[in-house]
Amino acid sequence: MKKLLIIGAGGFIGGFIARQGLQRGYDVTVAVRASTSRRYLDDSRLHFLILDYGDRQAIAEAMRNALPDGQRWDYVIHNLGATKCANFRDFDTINYRYLVNIVEALKAVDKVPDRFLFMSSLSAMGPVDEKSYRPISNADTPHPNTRYGLSKMKAEDYLRYQSGIHYIIFRATGVYGPREKDYLMMIKSIDRHIDVGMGYRKQMLTFIYVDDLVGAMFDALAAGVADKTYIISEPRAYTQREFRSMVAEALGGRWVIPLKLPMWVVLAVSTVAEKLAAWRGKASTLNRDKYKIMKQRNWNCDVSEAQSDFGFHADFPLQRGIRATVDAYLAEKANSKKK
Numbered sequence: 000m001k002k003l004l005i006i007g008a009g010g011f012i013g014g015f016i017a018r019q020g021l022q023r024g025y026d027v028t029v030a031v032r033a034s035t036s037r038r039y040l041d042d043s044r045l046h047f048l049i050l051d052y053g054d055r056q057a058i059a060e061a062m063r064n065a066l067p068d069g070q071r072w073d074y075v076i077h078n079l080g081a082t083k084c085a086n087f088r089d090f091d092t093i094n095y096r097y098l099v100n101i102v103e104a105l106k107a108v109d110k111v112p113d114r115f116l117f118m119s120s121l122s123a124m125g126p127v128d129e130k131s132y133r134p135i136s137n138a139d140t141p142h143p144n145t146r147y148g149l150s151k152m153k154a155e156d157y158l159r160y161q162s163g164i165h166y167i168i169f170r171a172t173g174v175y176g177p178r179e180k181d182y183l184m185m186i187k188s189i190d191r192h193i194d195v196g197m198g199y200r201k202q203m204l205t206f207i208y209v210d211d212l213v214g215a216m217f218d219a220l221a222a223g224v225a226d227k228t229y230i231i232s233e234p235r236a237y238t239q240r241e242f243r244s245m246v247a248e249a250l251g252g253r254w255v256i257p258l259k260l261p262m263w264v265v266l267a268v269s270t271v272a273e274k275l276a277a278w279r280g281k282a283s284t285l286n287r288d289k290y291k292i293m294k295q296r297n298w299n300c301d302v303s304e305a306q307s308d309f310g311f312h313a314d315f316p317l318q319r320g321i322r323a324t325v326d327a328y329l330a331e332k333a334n335s336k337k338k
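The sequence shown begins at 0 in numbering that gives the first Met the number 0 and counts up one residue at a time.
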């Protein structure tokens, strides 16, 4: 059995990686903080590695104790990251410095894996071609315009130029599925008969269902690709109207009032929400970083490299993925009413 270590296994995507790793026959270790919920990490076959991501020496010691000398994990999937922070400087700490600590600890205890797969983001590219809306590809020069995107690009550059290990980088578009929270907010709004769009200019959106993303991770590792970066998305784009129609249909044919907010209103609301959240010491879903992401008009993706290198495909086109996500939401909603 090949050994797999998942860094940041307690998040939305982490539970799906752990489950699929076990299904594919891996010996799976999940790295989490001591305070991380294990609600979706309840399989008795999982090994737990408790880490303090801010302490490189403690990480190295925990890794040394987790496996005997001479043993190592064949693969590491680094899924740890923050998409929103109360303090923007935390993006650099969580998305970049924690990655460096993990890699340097692996090197210090001689447990460097054959492949290290890093979950980056399409936001590392920044806005691309918002006139003709051609698909974003790795041939485009990245111009990240958010602190989140900058922190991901900084982490990517460390892996490429400083780490000295064999890496695979996934620049994923918006990931959705059961238990994801940001798209769930949109589904709940449509369930209440309101869909709020941002801006009046044409916007093309892309999505990747969580199981398709995780399947791509294991396919890339199995294919033996190394030292390459891939854009991961369902290979087509959608309008907000198409997304709304699919969600409304999955909810049983909801009637929905579409509202369009001008971007200056979105900026004002995002700024106020960010400052209120910071005053409370919490991260806000709406903030100035998120505003720039919502303002971006072209999220169309070129996934041809992933298709040719490891046979990437999306088993869940958006309509099927939304159906699965809405079904999980409705089941959770029904359970809540029973309690």
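A virtual CB, placed ideally from N, CA and C, is assigned to each residue, including glycine. Note that the structure is a prediction, hence the values are computed from the model and not measured.
Test item: CB-CB of residue i and residue j under 8 Å
i	j	result
Tyr157	Tyr95	yes
Glu233	Ala313	yes
Pro143	Met118	no
Ile12	Val174	yes
Leu250	Ile164	no
Ala33	Ile49	yes
Lys83	Lys289	yes
Val325	Ile186	yes
Ala277	Ala85	yes
Asn286	Ser269	yes
Ile193	Ile76	no
Thr284	Asp128	no
Ala215	Ala305	yes
Tyr199	Lys106	no
Strand pairing of residue i, partner residues [DSSP]
i	result
Met344	Only positions 0 to 338 of the chain appear in this structure, which leaves residue 344 out of reach.
Pro257	Asp194
Leu98	According to DSSP, which records beta bridges pairwise, Leu98 is partnered with nothing at all.
Tyr208	Tyr175
Ile189	Paired residue(s): none; Ile189 is not in a bridge.
Phe311	Per DSSP, none; premise fails for Phe311.
Lys2	Asp26
Arg114	Tyr74
Met203	Asn297
Spatially closest choice to residue i from the options, by CA coordinates
i	options	result
Ile101	Val127, Leu116 and Ala327	Leu116
Met203	His192, Arg240 and Pro261	Arg240
Met62	Asp89, Phe87, Leu258 and Val111	Val111
Pro126	Lys153, Arg114, Met245 and Pro141	Pro141
Glu331	Arg178, Val213 and Asp226	Arg178
Pro257	Ser303, Leu266, Ile16 and Ser244	Ser244
Thr145	Gly214, Met293 and Met197	Met293
Leu317	Val265, Asn86, Asp210 and Ile5	Asp210
Leu3	Leu45, Asp41 and Arg37	Leu45
Met262	Gly196, Gln56 and Gly148	Gly196
Ala104	Gln295, Gly80, Asn64 and Arg133	Asn64
Lys281	Ala81, Arg253 and Ser122	Ala81
Phe87	Leu66, Ser122, Tyr147 and Arg253	Tyr147
Gly252	Ala236, Arg322 and Phe315	Arg322
Leu98	Leu149, Leu329 and Ser162	Ser162
Val264	Lys337, Lys291 and Asp109	Lys291
Ile168	Leu149, Val213 and Lys227	Lys227
Ser36	Asp26, Gly10, Phe217 and Asp113	Gly10
Asp68	Phe217, Ala272, Asp109 and Asp41	Asp109
Arg55	Thr92, Asp42 and Arg38	Thr92
Trp72	Leu266, Arg114 and Asp218	Arg114
Gln22	Val255, Val213, Val271 and Phe315	Val213
Asp218	Asp308, Phe315 and Lys130	Asp308
Integer-rounded CB distance, given that residue j should sit under 8 Å from residue i
i	j	result
Leu220	Tyr74	5 Å
Asn78	Ala8	7 Å
Ala238	Ile207	Checking the sequence, you will find Thr at residue 238 rather than Ala. Contact doesn't hold; Cβ gap of about 17 Å is too wide.
Phe47	Val29	6 Å
Gly176	Gly310	Not quite, the Cβ-Cβ distance comes to about 21 Å (not below 8 Å), so this is no contact.
Tyr339	Arg170	An answer regarding residue 339 cannot be provided, because it is not within the stretch 0 to 338 covered by the chain.
Arg296	Lys201	6 Å
Gly24	Met0	6 Å
Val27	Ala17	6 Å
Ala236	Thr205	5 Å
Leu121	Trp298	7 Å
Give, in chain order, every unbroken run of the beta strand (DSSP E) that is at least 3 residues long and sits entirely within the region 118 to 185. 166 to 171 and 173 to 175
What are the complete alpha helix (DSSP H) segments, minimum 4 residues, inside the region 10 to 92? If only uninterrupted alpha helix (DSSP H) runs of at least 4 residues are considered, those enclosed by the region 10 to 92 are 11 to 22 and 55 to 65.
If we require 3 or more residues per run, which beta strand (DSSP E) segments fall completely within the region 212 to 266? 227 to 231 and 256 to 260
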